[in-house]
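Peer 1: Using our numbering, the letters of the sequence shown map in sequence onto residues -11 to 136. Glycine included, every Cβ here is placed at the ideal spot set by N, Cα and C. Remember, predicted model here, so these are calculated numbers, not experimental data. Quick one: structure below, then a few questions.
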Amino acid sequence: MELKWKIKPFEALTVHELYDLLKLRSEIFVVEQNCVYLDLDGKDKKALHLIGEFEGKIVAYSRLFDAGISFDNASIGRVVVDANYRDRKWGHELMREAIAGIKSNFGQDKITIGAQLYLKKFYESHGFVQTSEMYLEDDIPHIEMVRE
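Have a look at this one:
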């Protein structure tokens, strides 16, 4: 069975969708990665929310931003796949959907991301190129990457 994809602005998210996507982000970025940080950064209201559902459950998610919100270019953030489904390689499908969503919703081709360093090869496989030195964000090594 395939993932069902949808893109919604913040105002269109149901209470259940918002709860489930915040729960998924917390499970991965706070608990799994053992990183105490403020996930609710004020940008959710400015983002389009890309949601991948499998059997009615949110299992893949990312935020999509127009240029000028997170970076000078359009951007993708909070890229996450439920740990129980990573063996299905849905992260690649998520990135293809996110890149297409940036193009279709914002008309942008150039995309900047702040990527966790250990995922460099994953993002390179989607056309991103490292454009910064390593930096720490919430004590996790990151790099800036751009896709032209």
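1) To the nearest whole angstrom, what separates the beta carbons of Ile128 and Phe116, a pair I think is in contact under 8 angstroms?
2) Let me confirm a value: Glu85 is counted as buried when at least 16 other C-beta atoms fall within 10 Å, else exposed. Which label applies?
3) Less than 6 angstroms between C-beta atoms, sequence neighbours within five positions excluded: which residues of the same chain meet that for Phe59?
4) Which two residues bound the contiguous alpha helix (DSSP H) that contains Gly79?
5) The alpha helix (DSSP H) with Phe42 in it runs from where to where?
6) Could you tell me the boundaries of the beta strand (DSSP E) in which His130 lies?
7) Below 8 angstroms, how does it come out for the region 40 to 51 and the region 17 to 26: are there three or more Cβ pairs, yes or no?
8) Bridge partners for Glu125 per DSSP, in chain order?
9) Hey, quick one: how far does the beta strand (DSSP E) through Phe53 stretch, first residue to last?
10) Does the distance from the CB of Trp78 to the CB of Val68 come in under 7 angstroms?
11) Taking Asn72 as the reference, give the member of Lys45, Asp126 and Pro(-3) with the closest Cα.
12) Cβ of Tyr73 less than 7 angstroms from any chain E Cβ?
13) What does the alpha-carbon distance come out to for the pair Arg74 and Leu82?
Peer 2: In short, the structure shows the following:
1) About 18 angstroms separates the two Cβ atoms, so there is no contact after all.
2) Glu85 should be labelled buried.
3) Excluding residues up to 5 positions away in sequence, Thr100 lie with their Cβ nearer than 6 angstroms to the Cβ of Phe59 in the same chain.
4) If you look at Gly79, you'll find it in the alpha helix (DSSP H) that goes Trp78 to Phe94.
5) Segment Leu36 to Phe42 is the beta strand (DSSP E) holding Phe42; no alpha helix (DSSP H) there.
6) Per DSSP, His130 is one residue of the beta strand (DSSP E) stretching across Ile128 to Arg135.
7) Remark: fewer than three beta-carbon pairs, one from each stretch, lie closer than 8 angstroms, so the region 40 to 51 and the region 17 to 26 are not flagged as touching.
8) For Glu125, the pairing in a beta bridge is given by DSSP as Ile128.
9) Its beta strand (DSSP E) spans residues Lys45 to Phe53.
10) Going by C-beta atoms, Trp78 is not nearer than 7 angstroms to Val68.
11) The residue with the shortest Cα to Cα distance from Asn72 is Lys45.
12) Chain labels in this structure do not include chain E; a single protein chain is all it has.
13) Arg74 and Leu82: Cα-Cα distance of roughly 11 angstroms.
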